[in-house]
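A quick write-up on the structure given underneath.
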């Protein structure tokens, strides 16, 4: 999920899906994203700590965070735990890569990963997917 969606789109009820409204989606193309149960429970707990129905991601002063402030927060968090080369976009890349590797177990296809990512083009989704030399060796050994 892009940061603007996290900042501007996390309002209201927390259900089994996150609705990315057209108004905050890139190119105004919204979608619904299924929410994993553990994440849903964590968001519900976090919502209880947040005043009103505003965004869950709030600044130290209690106001809504900007996309830039979330980028800075992620950078500091990664530095604090000694991770280099990571960015606020790393989670999105990791999600798309892992989803692409596991989609066959759910009976889906790369098209399902594309739709979850909100990409109009399957080629965009493919650019997010990291290769794995161990998986390539295992694949070749199966042939």
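Numbering (our numbering), first residue to last: 1048 to 1190. Idealized CB from N, CA, C, for every residue including glycine.
Taking only three categories from DSSP, how would you classify residue i?
{"i": "residue 1114", "result": "helix"}
{"i": "residue 1145", "result": "helix"}
{"i": "residue 1085", "result": "helix"}
{"i": "residue 1123", "result": "helix"}
{"i": "residue 1051", "result": "With a pLDDT of 44 at residue 1051, under the threshold of 50, the predicted position of this residue should be treated as unreliable, though the coordinate-derived value follows. Reduced to three states, the DSSP call for residue 1051 is helix."}
{"i": "residue 1154", "result": "coil"}
{"i": "residue 1129", "result": "coil"}
{"i": "residue 1135", "result": "coil"}
{"i": "residue 1057", "result": "Below a pLDDT of 50, predicted positions are generally treated as unreliable, and residue 1057, at 48, falls in that range; the measurement from the model is reported next regardless. Note: residue 1057 maps to coil in three-state DSSP."}
For the candidate residues the options, whose alpha-carbon lies nearest to that of residue i?
{"i": "residue 1142", "options": "1062, 1187, 1091 and 1175", "result": "1175"}
{"i": "residue 1171", "options": "1147, 1127 and 1130", "result": "1147"}
{"i": "residue 1139", "options": "1164, 1116 and 1154", "result": "1164"}
{"i": "residue 1091", "options": "1076, 1069 and 1063", "result": "1063"}
{"i": "residue 1110", "options": "1118, 1099 and 1119", "result": "1099"}
{"i": "residue 1167", "options": "1078, 1066 and 1070", "result": "1078"}
{"i": "residue 1117", "options": "1130, 1129, 1128 and 1134", "result": "1134"}
{"i": "residue 1097", "options": "1065, 1066 and 1061", "result": "1061"}
{"i": "residue 1120", "options": "1106, 1145 and 1160", "result": "1106"}
{"i": "residue 1173", "options": "1157, 1179 and 1180", "result": "1157"}
Starting from residue i, follow the alpha helix (DSSP H) in both directions and report where the run begins and ends.
{"i": "residue 1103", "result": "Run containing residue 1103: none; DSSP gives neither H nor E here."}
{"i": "residue 1159", "result": "1157-1164"}
{"i": "residue 1169", "result": "1169-1175"}
{"i": "residue 1181", "result": "1180-1189"}
On the DSSP bridge assignment, give the partners of residue i in chain order.
{"i": "residue 1080", "result": "1065"}
Any heavy atom of the ligand ADP closer than 7 Å to the Cβ of residue i?
{"i": "residue 1157", "result": "Absence of the ligand ADP from the depicted structure is noted, as is the absence of any ligand whatsoever, leaving it without description."}
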